[in-house]
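S.K.: Counting from 2, one number per residue, gives the positions in the sequence shown under my numbering.
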Amino acid sequence: MSATATLAPEQNIRLAPAHGKLRVLLVEDNPSDIELVSRELRRGGFDLTFEVAQTEQEFVERVRSNLYQVVLADYNLPQWRGMEAVNVLRNENLDIPVILVSGALGDVTAVECIKQGVTDYVLKDRLARLPMAVLSALQEKRLRDERQRAVDDLAKKVEELARSNRELEQFAYVASHDLQEPLRMVAAYTQLLAERYKGKLDEPADKYIHYAVDGAKRMQTLVQDLLVFSRVGRLNSENRDTDCNVAVEIAIANLQVAIRESDTHITHDYLPVVLVNPTQLAQVFQNLIGNAIKFRGPKAPQIQITVEKQPDEWLFSVTDNGIGIAPEYCQGIFVIFKRLHTRTEYPGNGIGLAICRKIIEQYGGRIWVTSQEGVGSTFKFTLPASEAGSRQGQNHDDRR
Ligand code: ADP
Numbered sequence: 002m003s004a005t006a007t008l009a010p011e012q013n014i015r016l017a018p019a020h021g022k023l024r025v026l027l028v029e030d031n032p033s034d035i036e037l038v039s040r041e042l043r044r045g046g047f048d049l050t051f052e053v054a055q056t057e058q059e060f061v062e063r064v065r066s067n068l069y070q071v072v073l074a075d076y077n078l079p080q081w082r083g084m085e086a087v088n089v090l091r092n093e094n095l096d097i098p099v100i101l102v103s104g105a106l107g108d109v110t111a112v113e114c115i116k117q118g119v120t121d122y123v124l125k126d127r128l129a130r131l132p133m134a135v136l137s138a139l140q141e142k143r144l145r146d147e148r149q150r151a152v153d154d155l156a157k158k159v160e161e162l163a164r165s166n167r168e169l170e171q172f173a174y175v176a177s178h179d180l181q182e183p184l185r186m187v188a189a190y191t192q193l194l195a196e197r198y199k200g201k202l203d204e205p206a207d208k209y210i211h212y213a214v215d216g217a218k219r220m221q222t223l224v225q226d227l228l229v230f231s232r233v234g235r236l237n238s239e240n241r242d243t244d245c246n247v248a249v250e251i252a253i254a255n256l257q258v259a260i261r262e263s264d265t266h267i268t269h270d271y272l273p274v275v276l277v278n279p280t281q282l283a284q285v286f287q288n289l290i291g292n293a294i295k296f297r298g299p300k301a302p303q304i305q306i307t308v309e310k311q312p313d314e315w316l317f318s319v320t321d322n323g324i325g326i327a328p329e330y331c332q333g334i335f336v337i338f339k340r341l342h343t344r345t346e347y348p349g350n351g352i353g354l355a356i357c358r359k360i361i362e363q364y365g366g367r368i369w370v371t372s373q374e375g376v377g378s379t380f381k382f383t384l385p386a387s388e389a390g391s392r393q394g395q396n397h398d399d400r401r
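1) When you compare only the Cα positions, how much space is there between Ser33 and Arg145?
2) Which residues mark the beginning and the end of the alpha helix (DSSP H) in which Thr280 is found?
3) Between the alpha carbons of Tyr209 and Lys201, how many angstroms are there, rounded?
4) Check whether the region 45-56 and the region 20-27 are in contact - that is, three or more C-beta pairs closer than 8 angstroms.
5) State the start and end residues of the unbroken alpha helix (DSSP H) segment that holds Gln192.
6) From the DSSP output, in three-state form, read off Arg232 for me.
7) My understanding is that Phe382 touches Gly366, with C-beta atoms under 8 angstroms, so please give their C-beta distance in whole angstroms.
8) From Ala134 to Leu73, what does the alpha carbon distance come to, in whole angstroms?
9) State the beta-bridge partners of Leu73 as determined by DSSP.
10) If contact is defined by three or more beta carbon pairs under 8 angstroms, each pair taking one atom from either stretch, is the region 26-41 in contact with the region 60-74?
11) Do Asp121 and Ile100 come within 8 angstroms of each other at the CB atom, strictly closer than that value?
12) Considering only heavy atoms of the ligand ADP, does any lie closer than 7 angstroms to the CB of Ser378?
13) Taking 7 angstroms as the cut-off, does the CB of Lys339 come closer than this to any heavy atom belonging to the ligand ADP?
14) Does the distance from the CB of Gly377 to the CB of Thr320 come in under 8 angstroms?
15) Please report how far the alpha carbon of Ser165 lies from the alpha carbon of Gln171, in whole angstroms.
16) If I'm right that Tyr354 touches Ile294 with Cβ under 8 angstroms, what's the distance once you round it to whole angstroms?
17) Give the DSSP-derived three-state secondary structure of Tyr122 in the structure shown.
18) Are there 16 or more other CB atoms within 10 angstroms of the CB of Gln149, so buried, or fewer, so exposed?
19) By alpha-carbon positions, which one of Ile356, Gly323, Leu106, Leu276 ends up nearest to Asp242?
20) Using only alpha-carbon positions, find the residue among Val370, Leu227, Pro183 that is nearest to Ala173.
21) For my contact list, Ser387 and Val249 are in at a C-beta cut-off of 8 angstroms; report their separation, rounded to the angstrom.
22) Using DSSP with H/G/I as helix, E/B as strand and the rest coil, what is Phe47?
23) Please go through the same chain and pick out, in chain order, the residues whose beta-carbon is closer than 6 angstroms to the beta-carbon of Pro98, but skip the five residues on each side of it.
24) Tell me the DSSP secondary structure of Val53 in three-state form.
25) Identify the continuous beta strand (DSSP E) that holds Gly366 and give its terminal residues.
26) Are Gly298 and Ser372 closer than 8 angstroms when you measure CB to CB?
Below, the structure written as structure tokens:
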């Protein structure tokens with residue numbers, strides 16, 4: 002048996018519906034219980050429309066073709082258990098609150114039903130509680146919907162951001178890659194002009210050619226650095242257990258000339274093994290050590306590289322005794338092209354730290370700086386501890 006009923010007009014007048022329209026699916030076989038339940042809901046202030054299902058098949062048909070705000074199900078029906086409504090709704094991927102309306106329901110059974118997904122239960126001899134139970138079920142559902150919407154929105158934004166980052170990276174890669182060839186031509190030919198015609202034209206001409214050569218060279222460095230920056234995310238597949246001591250030695254070897262000329266002294270802890278791309282790790286140390294030398298103070302640079310084991314990661318520190326950084330710039334310097342000095346004061350194009358950050362963040366790490374102007378800076382970064390690294394850390398933590 003199934004039935005459709007709406008509120009009788011005279012009842013509408015007597016009981017002003019405070020909670021608005023409510024569309025209910027009743028899983029019930031007893032006509033007098035149907036009457037009692039509907040009366041209680043109207044009395045509770047609902048403008049009620051309800052339909053009735055007594056078998057699983059009827060229930061499935063109804064939920065497939067109608068939108069209900071709540072299901073009120075008798076626990077025991079002759080042909081079906083109202084409790085099964087929860088499973089049907091789950092299988093149909095429908096989030097409709099189910100309230101059990103039952104003659105008698107022991108505490109243990111009630112708890113079990115709620116565990117299985119029932120929102121609430123109301124005993125038939127306490128039907129006055131039903132409107133409140135329905136109201137709070139609707140409220141819970143609204144909150145659930147809002148939360149789900151927020152989660153969906155966030156997921157969409159994250160996906161959009163990832164896509165636009167991918168596109169931007171692709172663009173930076175293609176642009177910097179394709180710019181290299183024409184730039185090589187410009188640089189080569191302006192240099193040729195400089196060699197062939199230096200002193201043969203007038204003085205301004207020499208100056209102009211010098212500017213052109215200088216500009217072309219700078220642009221070449223910039224484009225090459227941009228290419229390095231845009232390549233960072235492309236080398237993930239080349240991760241392997243990497244000995245940080247070797248990465249530091251490579252960085253030191255690449256900076257040999259600057260180290261010698263500036264009389265730099267470098268010390269480092271015995272460093273762990275981490276799962277990264279070795280070239281990129283050497284690049285991080287090279288950029289940080291290179292900066293410590295470049296931004297040195299009046300004394301010969303002293304650089305210390307230390308490491309501490311944290312629960313799931315390694316915390317590296319690169320400390321120098323250089324010119325330091327004012328606190329208000331400590332965050333901004335990791336942004337690409339951000340520099341605090343003119344090129345005549347200190348050479349560079351402001352990509353080094355942005356590359357470091359991109360490399361470190363792609364491994365799930367963080368990088369930041371603490372500094373005191375005129376005293377020095379400590380660049381800190383974290384990298385996840387790999388299994389091999391953790392074993393090694395246990396064995397050699399104290400070695401320097
Ligand atoms: P670049 O070295 O080409 O300027 P970076 O991205 O490596 O670019 O550094 C950005 C800025 O951060 C530098 O211009 C400098 O002002 C500041 N900086 C970086 N490292 C240090 C350091 N060790 N000591 C003081 N300032 C630093």
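Virtual Cβ for every residue (Gly too), placed ideally from N, Cα, C.
M.R.: Judging by the given coordinates:
1) About 34 angstroms.
2) 279-295
3) Approximately 13 angstroms between the Cα atoms of the pair.
4) yes
5) 131-198
6) helix
7) 6 angstroms
8) It is roughly 11 angstroms from the alpha-carbon of Ala134 to the alpha-carbon of Leu73.
9) Leu27, Ile100
10) Touching, per the Cβ criterion.
11) yes
12) yes
13) It does: the Cβ of Lys339 is within 7 angstroms (strictly closer) of some heavy atom of the ligand ADP.
14) Cβ atoms of Gly377 and Thr320: closer than 8 angstroms.
15) 10 angstroms
16) Correcting the residue type first, residue 354 is Leu in the shown sequence and not Tyr. No, Leu354 and Ile294 are not in contact; Cβ-Cβ is about 15 angstroms, not under 8 angstroms.
17) strand
18) exposed
19) Looking at Ile356, Gly323, Leu106, Leu276, the one whose alpha-carbon comes closest to that of Asp242 is Leu276.
20) Leu227
21) Wrong, their Cβ atoms sit about 17 angstroms apart, outside the cutoff.
22) coil
23) Val71, Thr120, Ala138, Lys142
24) strand
25) In the DSSP assignment, Gly366 falls outside any beta strand (DSSP E) and carries neither an H nor an E.
26) no
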